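Quick note: the sequence shown, position 146, residue 145 per numbering that gives the first Met the number 0, numbers continuous.
What follows is a set of notes on a single structure, which appears directly below.
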Amino acid sequence: MATAVLNDPSEKSANLTDFHGVEPHPSVPTRKGIAKGQLLIDGKWRDSSSGETMTTTDPTTEAPITAVAKATPEDAQAAIDAAYAAFEEGPWGKMHHEERAKILFRMADLLDERADDFAIREAMDMGMPYTDFRTIIMPHCSGLFRFFGGQAMSAMNGGYRTSYEQTIRILTRREPLGVVAAITPWNFPLALTCSKMAPGLAAGNCMVHKPASDTPLTALALAQVAMDAGVPAGVYNLITGPGGSIGDVLVKSPKVDKIAFTGSTSVGENLIRNGADTVKHMTMELGGKSPNIIFADADIDAAVQAAFWGIFWNKGEVCVAGSRLLVERPIYDEIVEKLTVMAKAAILGDPLDAKTQIGPIATKPEYDKILTYIESGKQSSARLTAGGGTRKINGKGLFIEPTLFADATNDLKISREEIFGPVLPIIPFEGEEEAVRIANDTTYGLASGIQTRDLGRALRIADRIKAGTVWINTWHKYHPNAPFGGYKMSGYGREHGAEALENYMQYKTAWANLG
Ligand code: NAD
């Protein structure tokens with residue numbers, strides 16, 4: 000087989016697995032056939048009621064991977080009805096917390112056992128490097144089921160309180176919401192589904208999942224894991240198909256109590272409007288344009304690594320990508336130069352190749368969109384120092400070079416809009432005040448980063464940044480117990496941590512007159 004990577008691997012800068020302090024995964028994966036995907040409704044796999052399918056495509060080879068059922072609005076309704084019946088009549092919501100926890104722990108074990116299959120699916124479907132997935136994403140996904148299994152046993156408890164009158168007792172109890180519809184995007188499909196499914200099921204809800212049409216392959220394998228772990232029929236339903244038609248059924252149904260959404264801010268706004276008539280609970284994990292601030296006193300090499308992986312991990316197709324780099328004047332030229340060297344040496348390639356640092360863009364529309372932003376950068380006052388072009392392997396593949404625009408200003412289109420690709424504007428600043436002003440000058444508020452040796456300054460600025468996550472002297476750290484979510488137009492509600500479970504349950508207060 001011809002070479003599967005571009006650039007000389009011996010020149011490569013540290014890999015992401017080094018950045019995270021984990022060993023690369025030793026497996027040597029290969030592409031494989033994936034069976035046709037069906038809908039999971041009420042515990043049974045079946046075709047779409049119209050018989051229609053859609054095709055998923057491998058962005059490395061640009062060849063079709065497999066066909067997946069294209070659900071109709073009637074299928075969406077059947078999935079809602081199954082979840083509703085399972086909630087109203089089935090055992091799940093009434094099951095002892097420990098029994099539910101055991102099933103979630105089994106799911107975690109099955110995810111670990113089937114990690115290889117999940118990683119190959121994600122590499123073929125989304126273009127994520129296999130080794131990043133195996134070493135970073137997969138342990139996080141199974142960890143979510145262990146964490147929320149544990150939470151199920153403790154956090155669902157109630158209380159016994161007193162009131163003004165001696166004879167009155169107040170009993171509080173946490174209950175599931177009912178039916179939760181999870182709608183997820185094409186990037187990080189498995190992780191973003193697990194971050195809804197684990198707390199949603201732990202709290203006792205029944206669910207309908209609609210993954211993005213472009214990357215449904217891990218959702219199919221995850222639904223099978225749920226079945227094999229003993230999640231009862233109807234508790235977890237999967238419908239694959241177009242957001243507009245079947246998403247609408249989920250968002251408007253009076254039988255659906257909550258929408259757990261991750262996706263773009265514009266679709267999120269639409270969902271909030273469409274869910275208003277039935278007063279839906281909602282969590283909104285939306286877009287970002289996250290500032291990474293490097294101060295002159297930072298550990299320069301570590302800061303360059305954080306900046307590089309902050310934007311280029313998963314080819315920049317990350318909601319929390321450090322997609323605006325702010326650098327203090329005295330070290331500005333040095334940082335630009337080091338990043339430029341690193342970007343030019345980055346290894347683009349087949350995500351199944353262990354040497355690959357940067358895989359292909361997940362879909363052709365995204366690829367085209369990113370190229371229009373690169374063109375906008377080239378036409379702007381900013382200076383292109385690396386990338387700006389596309390690459391092919393054996394004549395195929397949606398590869399875009401890691402692209403840097405130095406001397407950018409915060410008012411440029413590339414600095415204001417979410418590009419969702421490997422493109423980084425680098426903006427100079429002078430002093431803390433200007434750094435904070437530029438960092439907060441965005442409609443988004445998802446993530447941010449501060450690179451400095453001065454911990455006092457780091458914490459002072461962390462308080463002032465309007466974003467749900469602040470990474471200090473690092474980037475891309477996640478844990479099932481670390482709340483994750485946005486400020487401003489990046490959304491509301493939190494995933495991960497006990498805070499996430501709160502978003503999947505409601506409180507009941509019973510007043511007892513002891514007479
Ligand atoms: P998208 O908003 O286009 O689609 C997200 C999901 O919504 C898909 O499943 C889609 O089919 C569905 N959908 C589309 N229209 C719908 C409708 N009218 N009703 C119901 N569902 C509908 O987003 P995308 O392009 O798949 O993902 C990229 C976006 O997601 C980026 O903006 C990124 O920042 C964001 N994102 C956010 C987070 C976070 O945690 N905040 C994480 C990952 C991605």
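The C-beta atom is built at its ideal place from N, Cα and C for all residues, glycine as well.
Keep in mind it's a predicted model, so treat the numbers as computed, not measured.
- Here residue 307 carries a helix assignment [DSSP, helix/strand/coil].
- Excluding the 5 residues flanking it on each side, residue 116 has same chain C-beta neighbours closer than 8 Å at 220, in chain order.
- Between the ligand NAD and the CB of residue 184, the shortest heavy atom gap is smaller than 6 Å.
- Three or more beta-carbon pairs drawn from the stretch 319 to 338 and the stretch 285 to 301 are found closer than 8 Å, and the two stretches are therefore classed as touching.
- With respect to the 7 Å criterion, residue 366 and residue 418 are not classified as neighbours on the basis of their beta carbons.
- A distance below 7 Å between beta-carbons, with the five flanking residues on each side excluded, links residue 19 to the following residues of its chain, in chain order: 135.
- The Cβ neighbour count for residue 384, taken over all protein chains shown within 10 Å, is at least 16; the residue is labelled buried.
- With a contact defined as Cβ atoms closer than 8 Å, residue 471 and residue 457 qualify at about 5 Å.
- Contact between the stretch 382 to 396 and the stretch 154 to 163 is absent, with fewer than three C-beta pairs closer than 8 Å.
- Taking a 10 Å sphere around the C-beta of residue 170, we find fewer than 16 other C-beta atoms and assign the residue as exposed.
- When distances are taken from the beta-carbon of residue 291 to the heavy atoms of the ligand NAD, even the shortest one reaches 6 Å or more.
- Shown here, residue 97 sits in a helix according to DSSP, grouped into three states.
- When secondary structure is reduced to three states using DSSP, residue 389 falls in the strand class.
- Using a Cβ distance threshold of 7 Å, residue 398 and residue 347 count as a contacting pair.
- When the alpha-carbon of residue 120 is set against those of 63, 172 and 94, the nearest one is in 63.
- The closest CA to that of residue 210, considering only 182, 222, 156 and 230, is found on 182.
- In this chain, the alpha helix (DSSP H) harbouring residue 500 covers 496 to 501.
- In the structure shown, the three-state DSSP call for residue 412 is helix.
- Counting only unbroken stretches of 3 or more residues, the beta strand (DSSP E) elements lying wholly within the stretch 407 to 480 are 422 to 428, 446 to 450 and 468 to 471, in sequence order.
- Taken through DSSP and simplified to helix, strand or coil, residue 205 comes out as strand.
- Around the Cβ of residue 217, a 10 Å sphere holds 16 or more other Cβ atoms; the residue is buried.
- At the C-beta level, residue 480 and residue 492 stay beyond 7 Å of one another.
- For residue 179, no alpha helix (DSSP H) segment is defined; the enclosing uninterrupted segment is the beta strand (DSSP E) at 178 to 182.
- Residue 285 is positioned such that its CB atom lies no closer than 7 Å to that of residue 274.
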